[in-house]
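*Asks:* Okay, handing you the structure first.
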Amino acid sequence: MKKNINKLIAIGIGLSVIVGNVSPALATETIRDSNINIISGAAENSLKILTLEKAIEAGLNNDDQMKILSSKSNYYKDLQDYYDEADNENGEDQNDVNINSTKQSKEFRKDGVEYEITNLYNSIVLAEKQVEYQREIVNNEGTKTNNMKLKYNKGLIDSVSMSKQEASLKTEKDTLQAKINSLNDLKEKLKLATGINVNNYTFDDRLNYEKLKLDGDLESYIDDKISIITKYDRELADLLEDAVDDMKDDDLDDLEMPDKDKFYNIPKTDSEGNVIGNDFNTTEYNTARDNVLSAYKGYLDAKKGSESASAGVNIKEKTYKNMLRSNYSNILAMEDGIDQLITNIEIANKSLANTKLQYQLGLMTINDYNTAVTGYRQLDISLRQTLNQYYQLKTTFEKPWSVSSSDSEQQKDNQ
């Protein structure tokens, strides 16, 4: 990750971009309304803005998993009435956990939808910037190609140079089309997730950067997050362990293999029909023996399931602990990279003024100036890419359940 951050920073060095009021952010500071101001001549967009908040709200209303969880919640509540009537304490205890667990899953899924929609929204904004950037490259290459054609027609350059430039223009056009296709794919995904025809809207491209701030020490923070995630898994594992203990106390204490002597109960007669003894009742004995073995096997299976459930929760806790520790280290590294990138932007702002002055004084051609300005967009794109990555990493640390809510619910439904 550091390698990627350093690469993004390196791209920014020597470039210039005007970013409104961007300064290194402290723990509670945010970067907002950071508009990239360059000479583009683009007309103002007349479409309505689809805000992130509206997209998230639509995503929640359109989410099928939320509907499934609501159905499960109603099922467990109805089942509770049955357990109350049947006076089934064990079933009632487990169902209580299921009710609370489903309620928590709905909260997790809500955070999951917010995470998914925000990622899509940010990706679309970034893709639009990349399309704008690539379109400017194509325009610059087109101007360069036209100028070279004039020189070629006058015999000032050879055909090889002309062919190379035309090939370069085609490559940039192909790249532009690929980026447009990628943007359209992202919009279709957001349309599917929200039910909104996003082509009728434009997107809010303001930058938003809030540094992570811990309340307390790292280990306590991580333990609190893990306890939230595994709360009902642990409760179900404990209930299963209690049920196994009850099974052992109630069913196994008096459980023993049947006495064979008690199964000589089939009268044995001589040729004249007189009872002369008893034969062994194999059928009854085998039935009694199998019942004992089945009961003991049921206990062993339940005991194994209980131990596996408890161990599974332990494994889950350790996995999350390692992941959250690693994420925290990566977050700190990324924050350092973002701070440096913002510093580079401030330096680039000053450089842009000199570049613009050279153009206004006639010391730079319009083509060279446009090429330079196009390069400035790359710093904005680099910052947006990094902030998108930071949002994802920060969310997996602050709300780790939001990232896994979709997969976990699908797994539960398959059980």
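Numbered by mature numbering (1 follows the signal peptide of the UniProt record, and there is no 0), the letters in the sequence shown go through residues -27 to -1, 1 to 388 in order. Idealized CB from N, CA, C, for every residue including glycine. Owing to the predicted nature of the structure, the values given are computational and were not obtained by experimental measurement.
Which residue's Cα is closest to the Cα of residue 239: 253, 229, 33?
*Replies:* As a first step, residue 239 must be located in the sequence shown, where it is residue number 266. Ranking the options by Cα distance to residue 239, first place goes to 253.
*Asks:* Would you mind sorting residue 102 into buried or exposed? The rule is 16 or more other CB atoms within 10 Å of its CB.
*Replies:* Within the sequence shown, numbered from 1, the residue matching residue 102 stands at position 129. By the neighbour-count rule (16 or more Cβ atoms within 10 Å), residue 102 is buried.
*Asks:* Nearest CA to the CA of residue 315: which residue from 181, 283, 276, 92?
*Replies:* Within the sequence shown, numbered from 1, the residue matching residue 315 stands at position 342. Considering only alpha carbons, the answer is 181.
*Asks:* Would you tell me roughly how many angstroms separate the C-alpha atoms of residue 377 and residue 85, rounded to the nearest one?
*Replies:* Locating residue 377 in the sequence shown gives position 404, counting from the first residue. Locating residue 85 in the sequence shown gives position 112, counting from the first residue. If I take the Cα positions, the gap works out to 8 Å.
*Asks:* List the DSSP bridge partners of residue 175.
*Replies:* Counting from 1 along the sequence shown, the entry for residue 175 is found at position 202. Note: residue 175 sits in a beta bridge opposite 22.
*Asks:* How big is the Cα-Cα spacing for residue 235 and residue 218?
*Replies:* Taking the first residue of the sequence shown as 1, we reach residue 235 at position 262. Taking the first residue of the sequence shown as 1, we reach residue 218 at position 245. Whole-angstrom Cα-Cα distance: 31 Å.
*Asks:* Would you report the Cα separation of residue 148 and residue 196, rounded to the nearest angstrom?
*Replies:* Position 175 of the sequence shown, counted from the start, is the residue given in the question as residue 148. Position 223 of the sequence shown, counted from the start, is the residue given in the question as residue 196. Roughly 47 Å separates the two Cα atoms.
*Asks:* Report the residue from 246, 94, 251, 105 whose alpha carbon sits nearest the alpha carbon of residue 361.
*Replies:* Within the sequence shown, numbered from 1, the residue matching residue 361 stands at position 388. For residue 361, the nearest C-alpha among the options comes from 94.
*Asks:* Would you mind reading off the limits of the beta strand (DSSP E) that contains residue 315?
*Replies:* The residue you call residue 315 lines up with position 342 of the sequence shown. Segment 255 to 333 is the alpha helix (DSSP H) holding residue 315; no beta strand (DSSP E) there.
*Asks:* In three-state DSSP terms, what is residue 242?
*Replies:* Counting from 1 along the sequence shown, the entry for residue 242 is found at position 269. Looking at residue 242 - three-state DSSP - the assignment turns out to be strand.
*Asks:* From residue 16 to residue 143, what distance separates their C-alpha atoms?
*Replies:* For this step, residue 16 is matched to residue 43 along the sequence shown. For this step, residue 143 is matched to residue 170 along the sequence shown. At residue 16, the pLDDT of 37 sits below 50, so the modelled position is not reliable; the number obtained from the coordinates is stated separately. Cα to Cα, the separation comes out at about 26 Å.
*Asks:* Please report the residue range of the beta strand (DSSP E) in which residue 168 lies.
*Replies:* As a position in the sequence shown, residue 168 is number 195, starting the count at 1. Neither: residue 168 is in no beta strand (DSSP E) and is coded neither H nor E.
*Asks:* Could you pull the DSSP bridge partners for residue 248 from this structure?
*Replies:* Taking the sequence shown and counting its residues from 1, one reaches residue 248 at position 275. Bridge partners of residue 248: 242.
*Asks:* Should the segment 50 to 67 be regarded as contacting the segment 18 to 38, the criterion being three or more beta carbon pairs within less than 8 Å?
*Replies:* These segments do not touch.
*Asks:* Measuring only between beta-carbons, confirm whether residue 287 sits less than 8 Å from chain B.
*Replies:* The chain inventory of the structure shown lacks chain B, comprising one protein chain alone.
*Asks:* Rounded to a whole number of angstroms, what is the C-alpha to C-alpha distance between residue 154 and residue 99?
*Replies:* For the purposes of this step, residue 154 is taken as residue 181 along the sequence shown, with counting starting at 1. For the purposes of this step, residue 99 is taken as residue 126 along the sequence shown, with counting starting at 1. Between residue 154 and residue 99, the C-alpha separation is close to 14 Å.
*Asks:* Taking residue 31 as the reference, give the member of 166, 73, 156, 116 with the closest Cα.
*Replies:* On the sequence shown, position 58 is the one that residue 31 refers to. Out of 166, 73, 156, 116, 166 has the C-alpha closest to the C-alpha of residue 31.
*Asks:* Anyone know if the C-beta pair for residue 68 and residue 42 falls short of 8 Å?
*Replies:* Along the sequence shown, one-based indexing puts residue 68 at 95. Along the sequence shown, one-based indexing puts residue 42 at 69. Result no, Cβ atoms of residue 68 and residue 42 do not sit closer than 8 Å.
*Asks:* Could you tell me the distance, in whole angstroms, from the CA atom of residue 89 to the CA atom of residue 300?
*Replies:* Looking up residue 89 in the sequence shown gives position 116. Looking up residue 300 in the sequence shown gives position 327. Distance between the alpha carbons of residue 89 and residue 300 is about 19 Å.
*Asks:* Give me the Cβ distance between residue 393 and residue 370, rounded to the nearest whole Å; I'm assuming they're in contact under 8 Å.
*Replies:* It is not possible to answer for residue 393, since the shown part of the chain is limited to -27 through 388.
*Asks:* Verify whether the separation of the beta carbon atoms of residue 210 and residue 282 is less than 8 Å.
*Replies:* Reading the sequence shown from its first residue, position 237 is the one you call residue 210. Reading the sequence shown from its first residue, position 309 is the one you call residue 282. Going by C-beta atoms, residue 210 is nearer than 8 Å to residue 282.
*Asks:* Measure the alpha-carbon distance for residue 324 versus residue 106 and round it to whole angstroms.
*Replies:* Working through the sequence shown from its first residue, we reach residue 324 at position 351. Working through the sequence shown from its first residue, we reach residue 106 at position 133. So the two alpha carbons sit approximately 19 Å from each other.
*Asks:* Less than 6 Å between C-beta atoms, sequence neighbours within five positions excluded: which residues of the same chain meet that for residue 341?
*Replies:* Residue 341 sits at position 368 when you count from the first residue of the sequence shown. Contacts found: none.
*Asks:* In whole angstroms, what separates the C-alpha of residue 123 from that of residue 129?
*Replies:* The residue given as residue 123 occupies position 150 in the sequence shown. The residue given as residue 129 occupies position 156 in the sequence shown. Looking at the two C-alpha atoms, the distance is approximately 9 Å.
*Asks:* Determine the direct distance from the alpha carbon of residue 194 to that of residue 188, and round the result to whole angstroms.
*Replies:* As a working mapping, residue 188 is identified with position 215 in the sequence shown. As a working mapping, residue 194 is identified with position 221 in the sequence shown. Each residue's alpha carbon lies about 7 Å from the other.
*Asks:* CA-CA distance, residue 267 and residue 212?
*Replies:* Within the sequence shown, numbered from 1, the residue matching residue 267 stands at position 294. Within the sequence shown, numbered from 1, the residue matching residue 212 stands at position 239. For residue 267 and residue 212, the distance between alpha carbons rounds to 22 Å.
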